[in-house]
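Quick note on my numbering: the sequence shown kicks off at 119 and runs consecutively. All residues carry an ideal CB built from backbone N, CA and C; glycine is no exception. Following: one structure in structure tokens, then a few remarks.
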Amino acid sequence: MKRSLTNLLTAALIFASAEAAAHGTDDHAKKAAPTQKEQKDWGIAGDAKSVRRTIEITMLDSMRFSPDKIEVKLGDIVKFVVKNTGGVMHEFVIGTSKDNAEHAALMVKFPNMEHDEPYMAHVPPGKTGEIVWQFNKAGDFDFACLIAGHYQAGMIGRIAVKS
Numbered sequence: 119m120k121r122s123l124t125n126l127l128t129a130a131l132i133f134a135s136a137e138a139a140a141h142g143t144d145d146h147a148k149k150a151a152p153t154q155k156e157q158k159d160w161g162i163a164g165d166a167k168s169v170r171r172t173i174e175i176t177m178l179d180s181m182r183f184s185p186d187k188i189e190v191k192l193g194d195i196v197k198f199v200v201k202n203t204g205g206v207m208h209e210f211v212i213g214t215s216k217d218n219a220e221h222a223a224l225m226v227k228f229p230n231m232e233h234d235e236p237y238m239a240h241v242p243p244g245k246t247g248e249i250v251w252q253f254n255k256a257g258d259f260d261f262a263c264l265i266a267g268h269y270q271a272g273m274i275g276r277i278a279v280k281s
């Protein structure tokens, strides 16, 4: 009886692990989970059907973005297409200078920290990611790679939202 229970529990754990792995892929997560529309100081997740402007950003292993300065109009819903042309993982995170600096400091302490928000794109080498964002607040904001060491090396860009 004890051996049967152990075998049953082992089988259940294997099944649960396989099920979790099957649902843990990035593609599946993006298709299954709707984008959370939480208002941030720098805007809110945009509706892909309402995009009127696409901005392409290249992420480089020189710890730079190209372009590194963007201007948008208040109310714009922008699709960012971010391409990692380098050989290491990069990310594109929109936020205030303060929020990005705080998050970057946490990433140094906890480099394997997992996070996934609609204003972030994690892009493996040679791949492309996308973010759709609505700029419903005027001001100056940042985009940055918050992977440990990248932000500190200057992998930061600026977004000016003009009314």
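Query: From I249, M181, K158 and D186, pick the residue whose C-alpha is nearest to that of G205; which is it?; Result: M181
Query: In this structure, how does DSSP classify E248 when only helix, strand and coil are distinguished?; Result: strand
Query: Compute the Euclidean distance between the alpha carbons of L178 and S281, then round it to the nearest angstrom.; Result: 31 Å
Query: Touch check for the region 219 to 227 and the region 263 to 278: three-plus C-beta pairs under 8 Å?; Result: yes
Query: In three-state DSSP terms, what is K255?; Result: coil
Query: Taking the alpha-carbon positions, what's the A140 to K155 distance?; Result: Its pLDDT being 32, under 50, A140 is placed unreliably in this model, and the coordinates cannot settle the point.
Query: So for K227, helix, strand or coil by DSSP?; Result: helix
Query: Does DSSP put A266 in a helix, a strand or coil?; Result: coil
Query: Using three-state DSSP, classify K201 as helix, strand or coil.; Result: strand
Query: Among the residues of its own chain, which have a CB less than 7 Å from the CB of K245, if the five just before and after it don't count?; Result: N202
Query: At the level of alpha carbons, what is the spacing between A219 and K197?; Result: 24 Å
Query: Among K255, E189 and P242, which one has its Cα closest to the Cα of R171?; Result: E189
Query: Out of I249, E235 and I277, state which residue places its alpha-carbon closest to the alpha-carbon of K167.; Result: I249
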